[in-house]
Structure formats: structure tokens, C-alpha cells
Amino acid sequence: MTIRTTFPTDLPAIRRLLQENRHSFLACGLEDVPDLLGKAGAALGLLPGEEAGVWGFVAFDAPARNAAAGSLPDGALRVALIGRQTPDGASLAPLISQAIASLHATGQPFQLTALTGEGWLAGSLAAQGFVLTDHLCFYQRTRHNLPESRTRGLLRPLRQDEIAGLIVLDRLAFPPLWRMSEAELWELCFTCRVQAAAVDGQLAGYAALSLHPTADRQDDNQAQLSRLAVHPDFQGRGIGRQLLSESIAYAHAQGCYRILLNTPESNPTAQHLYESLHFRRHGARVPVWVYCGPSG
Numbered sequence: 027m028t029i030r031t032t033f034p035t036d037l038p039a040i041r042r043l044l045q046e047n048r049h050s051f052l053a054c055g056l057e058d059v060p061d062l063l064g065k066a067g068a069a070l071g072l073l074p075g076e077e078a079g080v081w082g083f084v085a086f087d088a089p090a091r092n093a094a095a096g097s098l099p100d101g102a103l104r105v106a107l108i109g110r111q112t113p114d115g116a117s118l119a120p121l122i123s124q125a126i127a128s129l130h131a132t133g134q135p136f137q138l139t140a141l142t143g144e145g146w147l148a149g150s151l152a153a154q155g156f157v158l159t160d161h162l163c164f165y166q167r168t169r170h171n172l173p174e175s176r177t178r179g180l181l182r183p184l185r186q187d188e189i190a191g192l193i194v195l196d197r198l199a200f201p202p203l204w205r206m207s208e209a210e211l212w213e214l215c216f217t218c219r220v221q222a223a224a225v226d227g228q229l230a231g232y233a234a235l236s237l238h239p240t241a242d243r244q245d246d247n248q249a250q251l252s253r254l255a256v257h258p259d260f261q262g263r264g265i266g267r268q269l270l271s272e273s274i275a276y277a278h279a280q281g282c283y284r285i286l287l288n289t290p291e292s293n294p295t296a297q298h299l300y301e302s303l304h305f306r307r308h309g310a311r312v313p314v315w316v317y318c319g320p321s322g
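Under this note's numbering, the sequence shown has 286 at position 260, and the numbering climbs by one with no breaks.
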């Protein structure tokens, strides 16, 4: 069984595998697949013989060097494929092993995550040292009523000169696995509507909301709560509820009555807040698999 790293010239064979596979996992767009080739973190399984066909493909995106403070650079599983024709005893485990080895060869610390509930993947991930660490839970709110608003602190749009403070707040509010990098938070601030909560002039919390209206049916309009964080010094004062209530009201004002969010299962406080404002579990929870590479 031949397993090797990938090259950009492998794209046609991988496209055929995408069209004709027995099992598939995709956490990226098809247009993103070419960017994963020829880099550390990807591996290919070749069929025997002269046809040079492929039976399997695995790709993690390269761990970002601009990791959040206190966190390892993080890469995620983006593609996992098993073809209809596979050698006897073939599994994704050796491909995952090759992909991880190529990342180890960089000599840099890293952490890999795989958000997947695919049973055919779980065994291969566990065999290569991934640990089931948490589950991601999904919620939606479809009620048209607005929650009661209570004023505890000042809500206003986040100012650009406060982004540095928001980055510090986010690091304090979340454990390492769920922290965003500085680059991700900057992007969040420019792609979402971000409301800040200020108490005595200090940034106490923020909520980031994105709207996804549809042109055809207004009933399909939806919003996504991308982030909700409260500084530990101000937790327990109702600031998170105020931020969430205001985000719901804004989404309704824009014609978006379906509001989506996700949260780790390990955060029951957040779950209680969402459920108290009529968010309900939606869909299956997704296992969070984590692999920690060298610490440097």
C-alpha cells in the first residue's frame, strides 16, 4: 500500500475521488481543495498498478502561526475521502498518520481538531492519537416575540480602537480550545455587527451577529450569533443576557426571525442562558476530536 504526501498535480485524481467515493467528509468548499495540496498536512493513498488511481485522501489545513494567546497553532480536518475501490484492510489511519508526520517535520508546535460525528472516521482518528474532548451543540430560535430588555450597562457599537481590548477580553472569557486568534477576531469585527457592553468605561462584553437574508422567501431569512463573550470580572451581572436580547431584537428588526448559534457542551452556563431566551437544541451534537503535536 503506497501512501505519500500530495502535489498540485494530484488534483484531477482527487476530483474523481470526490465524485466517486464510498465515504466522504468535507469541511470546506470544493474550490478550497487545490489550496490544500502540496503542503504539510495532506496525504494520498494510491491504488496498486499502473493506473495511478487513488483510494483515499486526507487533508488538514496548515496550523495558523498567529494562534490565540495561550493556545497552540490550530489546524482542522478539512477533507477525508475513501474511494469505492480500496486495498484489503485499507483505512484512513495510515493517511492521517502521514499527514501528521508531515506537520511534525516542520518542527513547529501545533494542535489539530476534527469536528465530525462520522462513525467511519472516529476509529482512525482515535488510532492516531486524537482524543474526544468535547461536543459542539447547535441551537436555533424561531419565536417571533422579543425577550424582555433590562438595561445593565451601556450597549453600543464596538469602536475600532477597542479591538485590542476585545482580543484580551476574548482570551480571558474562553478556554484555550475555543479561543480565536487575533486575525480571526479582526475578521469577525469587520464581517459581523459587533455590539459592546461597557461598564464604567471598561469593555465588559461583546456580541457578534451576522445576517443572512434571502432574496426569494423572507421566511428563510436567518441570523448567526457568531460570538458572545463577557469579561470574567463582569460575569453574573446579566450582561450576556442583555447582549443576547439586543442581538435578537436587531435580527428581528432586519426580518431575521431564525437565529442560529453553537456552543460547547462543556459550557452549561451558556446553554442555560440560550435556553432561557427560547433557543432550542437543533440537530445532532458534533464530537470535537483534538490532537496535540509537539509543544516546541
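Yeah, the Cβ is synthetic: ideal placement off N, Cα and C, and Gly gets one too.
Predicted, not measured: the structure shown is a model, and the values here were computed from it.
Expected contact under 8 angstroms - CB spacing of residue i and residue j to nearest Å
i      : j      : result
Trp315 : Ala119 : In fact, because the Cβ distance is near 13 angstroms, the residues do not count as touching under 8 angstroms.
Ile285 : Ala233 : The Cβ separation is near 11 angstroms, so there is no contact.
Phe136 : Val105 : Rounded, the Cβ-Cβ distance is 18 angstroms, inconsistent with contact.
beta-carbon residue i near the ligand NAP non-hydrogen atom, thresh 6 angstroms
i      : result
Ala131 : Of the ligands one can find in the structure shown there are none, so the ligand NAP has no counterpart to examine.
For residue i, three-class secondary structure by DSSP
i      : result
Arg311 : coil
Tyr317 : strand
Gly266 : helix
Leu73  : coil
Ala85  : strand
Phe305 : coil
Gly322 : Residue placement at Gly322 cannot be trusted, given a pLDDT of 45 that sits under 50; what the coordinates show is reported in the next sentence. Here Gly322 sits in coil by DSSP.
Gln280 : coil
Pro120 : helix
Arg253 : strand
Leu63  : coil
Phe34  : Sequence check: residue 34 is Pro here, not Phe. DSSP places Pro34 in helix when its eight states are reduced to three.
Asp100 : strand
Ile29  : strand
Ala53  : coil
Arg19  : Residue 19 is absent from the structure shown; the chain starts at 27 and stops at 322.
Thr240 : coil
Cβ neighbours of residue i in the same chain (closer than 7 angstroms, five flanking residues each side left out)
i      : result
Pro173 : Ser271, Ile274, Leu303
Gly67  : Ala85, Phe86, Asp87, Ala88, Gly101, Ala125, Ser128, Leu129
Trp212 : Ile189
Phe260 : Val225, Ala230, Gly231
Ser150 : Ser117, Leu118, Ala119, Ile122
Cutoff 6 angstroms; reference residue i; Cβ partners in own chain excluding five residues on either side
i      : result
Tyr317 : Leu138, Gly155, Phe156
Gln280 : Leu237
Arg169 : His304
Thr142 : Phe51
Thr112 : Trp81
Gly109 : Leu43, Asn47, Trp81
Gln186 : none
8 angstroms Cβ shell around residue i - same chain, five flanking residues per side excluded
i      : result
Ala277 : Leu235, Leu237, Ala249, Tyr283, Ile285
Leu107 : Ile40, Leu43, Leu44, Asn47, His49, Ser50, Phe51, Gly82, Phe83, Val84
Is the stretch 130 to 137 in contact with the stretch 161 to 172, if contact means three or more CB pairs nearer than 8 angstroms? no
So within the stretch 124 to 171, which uninterrupted alpha helix (DSSP H) runs reach at least 4 residues, ignoring any that extend past its ends? 145 to 153
For the stretch 165 to 236, list the beta strand (DSSP E) runs that are entirely contained and at least 3 residues long, ordered along the chain. 180 to 183, 219 to 225
Answer yes if the stretch 193 to 201 comes into contact with the stretch 248 to 260, meaning at least three C-beta pairs across the two stretches below 8 angstroms, and no otherwise. yes
Under 8 angstroms, with one C-beta from each stretch per pair, do the stretch 207 to 220 and the stretch 295 to 302 reach the 3-pair mark? no
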